[in-house]
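Enquirer: To convert, take the position in the sequence shown, counting from 1, and add 24; that gives the working numbering.
Cβ coordinates follow ideal geometry from the N, Cα and C atoms, glycine included.
All figures in this text were calculated on a predicted structure; none of them were measured in a lab.
So that we are looking at the same thing, I have put the structure below in structure tokens.
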Amino acid sequence: MQKPIHYRKNIPFFHNKTALEFRQDPYERYDPMVLRQSMLHLTDSLWGAYPMQPVKDYIQSNCSAEHLNNILEIGCGVGRLIGDIASMYSEVSCWGIDYSYQMLKRAKEVWVDNKSIELDLSTYGFLEGLRISRRSLTNLNFGLAKCEDLPFEDDSQDLVLSSFLLDRLSDPIQGLKEMKRVLRENGKLILVSPLNFNTSKNWSHLYPDDKLRQEIEAIGLKVLDWNDDMVIKEPMDKRRNCITWNCVAMVLS
Ligand SMILES: C[S@@+](CC[C@H](N)C(=O)[O-])C[C@H]1O[C@@H](n2cnc3c(N)ncnc32)[C@H](O)[C@@H]1O
25 MQKPIHYRKN IPFFHNKTAL EFRQDPYERY DPMVLRQSML HLTDSLWGAY
75 PMQPVKDYIQ SNCSAEHLNN ILEIGCGVGR LIGDIASMYS EVSCWGIDYS
125 YQMLKRAKEV WVDNKSIELD LSTYGFLEGL RISRRSLTNL NFGLAKCEDL
175 PFEDDSQDLV LSSFLLDRLS DPIQGLKEMK RVLRENGKLI LVSPLNFNTS
225 KNWSHLYPDD KLRQEIEAIG LKVLDWNDDM VIKEPMDKRR NCITWNCVAM
275 VLS
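Put into structure tokens, the structure is as follows:
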């Protein structure tokens with residue numbers, strides 16, 4: 025693994041993120057991005073369910089802990105998914121990589137530093153203060169890097185995960201090539217995305233989904249499973265208003 029360029033609050037930076045890059049990144053704005061993402065830690069107690077449960081179930085049904093030495097999640101946000109996975113596979117070394125320092129700071133506070141965090145969700149209708157339950161996992165690390173330039177060796181990762189990232193990348197195929205580079209032979213890459221692209225270029229190159237699948241195969245990844253009816257409902261407030269994401273989930277090798 026590459027050496028970090030520097031650290032901020034004990035979070036290794038593998039990309040030298042400039043002041044301009046910080047300013048331009050919507051995920052560096054505490055409100056509302058980090059708050060909304062942090063809400064994922066509380067969904068079980070607030071709404072009785074974790075909205076990403078279908079993603080977790082899909083991952084679990086498509087991989088076994090046997091022969092797993094390491095797991096990497098790219099675009100891990102505040103770490104809810106990789107935190108849950110690292111808790112389940114306590115013998116496996118896990119990394120969460122993200123491009124946002126604010127997201128990673130929250131992820132590390134919750135999953136590694138066992139820091140007490142109270143969220144103010146009063147704008148979502150929860151008028152009382154809410155506390156996130158926290159952990160001190162020793163098999164989980166977080167670092168700042170770009171999906172397009174990962175700090176890991178070629179063929180080094182047994183399982184690579186990514187949820188709700190692919191469509192945020194300006195060049196999703198470049199991101200996939202980098203994921204493929206770090207994946208070991210016969211390792212698995214499990215991706216979930218609503219393919220809600222934010223550029224006309226990506227809509228025209230990668231939609232309908234068959235076009236994305238062809239691009240994936242063209243870079244040498246084998247499609248082991250392709251499920252295009254995973255629905256994720258992201259709760260938004262106390263009245264249970266929610267955003268519906270129509271996702272595609274895939275297992276690649
Ligand atoms: C929509 S959020 C999804 C977070 C989490 N995976 C989830 O499913 O809840 C997208 C995340 O990807 C990160 N991200 C965006 N571009 C990235 C890039 N080029 N490399 C790594 N992470 C990136 C953002 O900082 C953000 O945390």
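For residue 112, report the span of its alpha helix (DSSP H) as first-last.
Expert: Residue 112 -> alpha helix (DSSP H) spans 104-112.
Enquirer: Please return the same chain residues whose Cβ sits closer than 8 Å to the Cβ of residue 68, not counting the five positions on each side in sequence.
Expert: Answer for residue 68: 74, listed in chain order.
Enquirer: Please work out which residues of its chain come closer than 6 Å, Cβ to Cβ, to residue 61, disregarding the five sequence neighbours upstream and downstream, and give them in chain order.
Expert: Closer than 6 Å at the Cβ level, and outside the excluded window around residue 61, lie 101, 102.
Enquirer: Among 261, 237, 207, 204, which residue has its Cα nearest to the Cα of residue 217?
Expert: The option with the nearest alpha carbon to residue 217 is 237.
Enquirer: For residue 261 versus residue 82, is the C-beta distance shorter than 7 Å?
Expert: No, Cβ-Cβ distance for residue 261 and residue 82 is not below 7 Å.
Enquirer: So does residue 107 have its beta carbon nearer than 6 Å to some heavy atom of ligand 1?
Expert: No, the Cβ of residue 107 stays beyond 6 Å of every heavy atom of ligand 1.
Enquirer: At which residues does the alpha helix (DSSP H) containing residue 203 begin and terminate?
Expert: 196-206 is the span of the alpha helix (DSSP H), which, as asked, contains residue 203.
Enquirer: Please go through the same chain and pick out, in chain order, the residues whose beta-carbon is closer than 6 Å to the beta-carbon of residue 269, but skip the five residues on each side of it.
Expert: Closer than 6 Å at Cβ, skipping near neighbours: 218, 256.
Enquirer: To the nearest angstrom, report how far apart residue 162 and residue 176 are at their CA atoms.
Expert: Roughly 20 Å between the two C-alpha positions.
Enquirer: Taking the alpha carbon of residue 140 as the point to measure from, which residue in 71, 158, 152, 119 has its own alpha carbon closest?
Expert: Nearest option by C-alpha distance: 158.
Enquirer: Kindly indicate the opening and closing residues of the beta strand (DSSP E) around residue 122.
Expert: Unbroken beta strand (DSSP E) run through residue 122: 117-122.
Enquirer: Using beta-carbon positions only, say whether residue 198 and residue 96 come within less than 7 Å of one another.
Expert: Going by C-beta atoms, residue 198 is not nearer than 7 Å to residue 96.
Enquirer: How is residue 28 classed by DSSP in three states: helix, strand or coil?
Expert: Looking at residue 28 - three-state DSSP - the assignment turns out to be coil, as it is neither helix nor strand.
Enquirer: For residue 115 and residue 105, what's the separation of their Cα atoms in angstroms?
Expert: Going by the C-alpha atoms only, they are around 17 Å apart.
Enquirer: At a cut-off of 6 Å, is residue 99 close to ligand 1 when judged by its beta-carbon and the heavy atoms of the ligand?
Expert: Residue 99: yes, Cβ under 6 Å from ligand 1.
Enquirer: For residue 37, which of 252, 205, 45, 28 has the nearest alpha-carbon?
Expert: Cα-wise, what sits closest to residue 37 is 28.
Enquirer: Check residue 232 in the structure and name its three-state DSSP category.
Expert: Here residue 232 sits in coil by DSSP.
Enquirer: Going straight from the alpha carbon of residue 196 to that of residue 99, what length do you get?
Expert: Each residue's alpha carbon lies about 13 Å from the other.
Enquirer: Would residue 247 be called buried (16 or more neighbouring beta carbons within 10 Å of its own) or exposed?
Expert: By the neighbour-count rule (16 or more Cβ atoms within 10 Å), residue 247 is not buried but exposed.
Enquirer: With respect to the alpha helix (DSSP H) encompassing residue 44, which residues constitute its N-terminal and C-terminal limits?
Expert: Unbroken alpha helix (DSSP H) run through residue 44: 43-48.
Enquirer: Please name the residue in 40, 274, 259 whose C-alpha comes closest to that of residue 267.
Expert: Answer by Cα proximity: 259.
Enquirer: By how many angstroms is the C-alpha of residue 265 removed from the C-alpha of residue 185?
Expert: Spanning the two alpha carbons is a distance of roughly 28 Å.
Enquirer: What is the rounded straight-line gap between the Cα of residue 245 and the Cα of residue 273?
Expert: Their backbone Cα atoms lie some 15 Å apart in a straight line.
Enquirer: What are the start and end residues of the beta strand (DSSP E) that includes residue 257?
Expert: Per DSSP, residue 257 belongs to the beta strand (DSSP E) from 247-259.
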